[in-house]
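Each number in the working numbering comes from the position in the sequence shown (counting from 1) with 6 added on. Ideal Cβ placement from N, Cα and C applies to all residues, glycine included. All of these numbers come straight from a predicted model, not from anything done at the bench. I have placed the structure first, in the form of structure tokens, so that the comments after it can refer back to it.
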Amino acid sequence: MMRDLVVVDIGGTHARFAIASIGADGAISLDAPETLHTADHASFQTAWEAFRNRKGGTLPPAVSMAIAGPVGSPGNLNPVIRFTNNPWIIRPALIPEKLGVERFTLVNDFAAVAHAVARADDDQFLHLAGPDTPLGRDGTISVIGPGTGLGVAHLWRSGANYRVQATEGGHIDFAPLDTIEDAILARLRSRHNRVSVERVVAGPGIVDIYQALAAMEHRTVPERDAIEIWTLGTNGEDSLAAAAVDR
């Protein structure tokens with residue numbers, strides 16, 4: 007017997023919705039995900055309603071949500087969940103009433119990624135840098151990923167067993183290692199009360215890196231967003247953008 011539920015991944019910029027089907031053997035399949043911009047919706051509830059309307063007005067009575075921010079722990083969820091990089095809030099106690107579901111699960115988004123890492127086969131990973139060796143079956147693995155913010159979780163494995171620890175590691179202080187990073191820190195500190203690693207490593211950070219490099223070289227550059235800088239840098243069309251990407 008198949009069981010269906012709504013699965014949602016909510017970040018700072020996008021909210022992704024899909025219907026998951028779980029077979030009797032535990033195999034999971036997803037339909038085509040739909041991506042909504044968080045800035046286009048006043049709340050998670052209005053985004054949910056938009057997705058429900060796209061699905062013909064009816065959704066399964068269960069939902070599992072991965073949230074970019076601290077959610078608490080199973081059985082002890084935060085009464086008010088605030089997103090780190092978007093203005094939505096979720097009150098778990100109101101989810102059944104507001105969404106019309108009978109069951110729900112909330113988890114930190116990178117804790118969800120760590121669970122996926124634990125269950126993935128070695129050939130499902132793409133090597134980016136460092137030693138090209140399979141993930142260890144014993145010990146601790148850090149799961150890190152930049153988006154609008156910087157997600158961090160820890161995965162502890164011991165043979166077939168594992169545990170996941172959600173963290174807010176993206177908010178540790180940024181510690182410069184050279185004069186260029188000193189300049190980046192100075193720019194960020196002039197704009198923010200506190201400068202975390204997330205300010206530099208996450209997607210929007212490329213803009214500050216680009217502007218800091220321009221200031222060091224006494225160059226006047228046009229205002230560019232993160233996507234434009236990445237595109238110019240990776241295509242080799244702008245040497246300063248390429249230097250920012252390399253950072």
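Considering only residues of the same chain and omitting the five flanking positions on each side of Glu40, which have a CB-CB separation below 8 Å? The count along the sequence shown starts at 1 and reaches residue 40 at position 34. The residues are Arg22, Phe23, Ala24, Phe57, Arg60.
Scan the region 106 to 174 and note each continuous beta strand (DSSP E) run of 3 residues or more that stays entirely inside, going in chain order. 109 to 114, 144 to 152, 156 to 164, 167 to 172
Simplified DSSP state of Thr5, which is helix, strand or coil: What is shown of the chain runs 7 to 253, which leaves residue 5 out entirely.
If you run the structure through DSSP and keep just helix, strand and coil, what is Phe89? Looking up residue 89 in the sequence shown gives position 83. In this structure, Phe89 counts as coil in the three-state DSSP scheme.
Could you tell me the boundaries of the alpha helix (DSSP H) in which Ser245 lies? By one-based count along the sequence shown, residue 245 stands at place 239. First-last of the alpha helix (DSSP H) with Ser245: 245 to 252.
Whose CA, out of Trp94, Val113, Ala166, Val207, lies closest to the CA of Met71? For the purposes of this step, residue 71 is taken as the residue at position 65 of the sequence shown. Of the candidates Trp94, Val113, Ala166, Val207, the one whose C-alpha sits nearest the C-alpha of Met71 is Val113.
Could you spell out where the beta strand (DSSP E) holding Leu36 opens and where it closes? As a working mapping, residue 36 is identified with position 30 in the sequence shown. First-last of the beta strand (DSSP E) with Leu36: 34 to 36.
In angstroms with no decimal places, state the Cα-to-Cα distance between Pro84 and Pro98. Translated into positions along the sequence shown, residue 84 becomes position 78. Translated into positions along the sequence shown, residue 98 becomes position 92. Note that residue 84 is Asn in the sequence shown, not Pro. The alpha-carbon atoms of Asn84 and Pro98 are separated by roughly 8 Å.
What does Ser196 pair with, by DSSP beta-bridge criteria? The residue labelled residue 196 in the question sits at position 190 within the sequence shown. Answer is none; Ser196 lacks a bridge partner.
Where does Asp214 land, buried or exposed, given buried means 16+ other C-beta within 10 angstroms? Position 208 of the sequence shown, counted from the start, is the residue given in the question as residue 214. Buried, by the Cβ-count rule.
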